[in-house]
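Here's the structure, in structure tokens; my notes come after.
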Amino acid sequence: MSDVVRFAELFEKRNRLAPDDFVIYGGTFDPIHSGHVTVLRSLLTLFQSCILAPASSNPWKPVPPTDLDLRIAMIELVLKAESLPTTDTPEGTGIFIVGEGYVYSEDLVARLRDLRRGAIYWAVGEDGAASVRQWRNWEQLDITAVVLPVIDPVHATDIRLGLAPVHHALLGFCRKHGLYGLT
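Taking numbering that gives the first Met the number 0, I'd label the letters of the sequence shown as residues 0 to 182.
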């Protein structure tokens with residue numbers, strides 16, 4: 000049975016988490032920004048393993064995201080610049096980037112269940128918490144959604160519109176690829 004908890008509640012009960020438990024942090028990451036980095040740092044205080052899962056598309060957003068390969072490259076640049084621990088396998092310790100896109104959470108959860116043991120948690124921001132129970136086949140996912148407070152008010156939409164800067168590690172990359180109005 001799936002459940003929803005707030006990050007603070009889970010932090011209070013962190014001694015109940017097993018070493019094999021892991022968290023998925025999904026989204027479009029178009030582009031990854033300081034708010035995402037803050038969330039990753041918070042998640043790594045609870046979990047040894049974080050699966051960073053850029054979605055191939057979001058059926059609820061009208062505009063398709065930047066190409067998945069470009070978004071993954073930007074994620075790698077930011078993780079390196081921020082000295083966040085990474086791993087090349089989903090079973091490893093640190094942050095693993097899922098290289099194949101997904102559309103629905105149930106598809107990714109099924110894939111990861113075949114690769115890993117441990118309870119599955121899925122990180123969502125306060126802005127997405129209300130819709131979690133409407134996810135496709137939510138009750139059958141058998142995961143716990145972890146609701147994180149929005150601490151860093153940066154939004155990817157503002158970056159795409161040129162109203163906020165990209166992460167410093169992405170300036171050259173975005174200029175090279177003509178992303179987010181940078182040339």
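Ideal Cβ positions, reconstructed from N, Cα and C, are used throughout, including at glycine.
Contact annotation: Val108 and Ile119 have beta-carbon atoms nearer than 9 Å. DSSP, reduced to helix, strand and coil, places Trp121 within a strand of the structure shown.
Between Val149 and the set Asp20, Gly34, Ile23, the nearest pair of CA atoms involves Gly34. Where Arg5 is concerned, the enclosing beta strand (DSSP E) starts and stops at 2 to 5. Distance from the CA of Leu111 to the CA of Val62, rounded to the nearest whole angstrom, comes to 28 Å. Spatial neighbours of Gly91 in its own chain (CB-CB distance under 8 Å, excluding positions within 5 residues in sequence) are listed in chain order as Ser48. Your pair Gly25 and Trp121 checks out as a contact, with CB atoms roughly 7 Å apart and the cut at 8 Å.
For Leu76, the CB contacts under 7 Å within the same chain, skipping 5 residues up- and downstream, are Ala168, Leu169, Phe172 in chain order. Exclusion of the five residues before and after Gly100 leaves Pro53, Ala54, Ser55, Ser56, Leu67 as the residues of its chain whose Cβ lies within less than 8 Å of its Cβ. Between the alpha carbons of Ser130 and Asn136 lies a gap of roughly 13 Å. Only exposed fits Leu160, as fewer than 16 other CB atoms lie within 10 angstroms of its CB. Within the same chain, and ignoring the five residues on either side of Gly117 in sequence, the residues whose Cβ sits closer than 7 Å to its Cβ are Ala17, Asp19, Asp20, Phe21. Beyond the five residues adjoining it in sequence on each side, Ile23 comes within less than 6 Å, by CB distance, of Ile50, Ala52, Trp121 in the same chain, given in chain order. Using a 10 angstroms sphere on the CB of Val123, the tally of other CB atoms reaches 16 or more, which defines it as buried.
Here DSSP, grouped into helix, strand and coil, assigns Leu51 to strand. Rounded to whole angstroms, the separation of the alpha carbons of Ile71 and Ala155 is 15 Å.
When DSSP reads this structure, Gly26 sits in a beta bridge with Pro53. Contact check for Asp126 against His32 fails: the beta carbons are separated by 9 Å or more. A Cβ-Cβ separation of about 6 Å places Phe6 in contact with Val145 under the 8 Å criterion.
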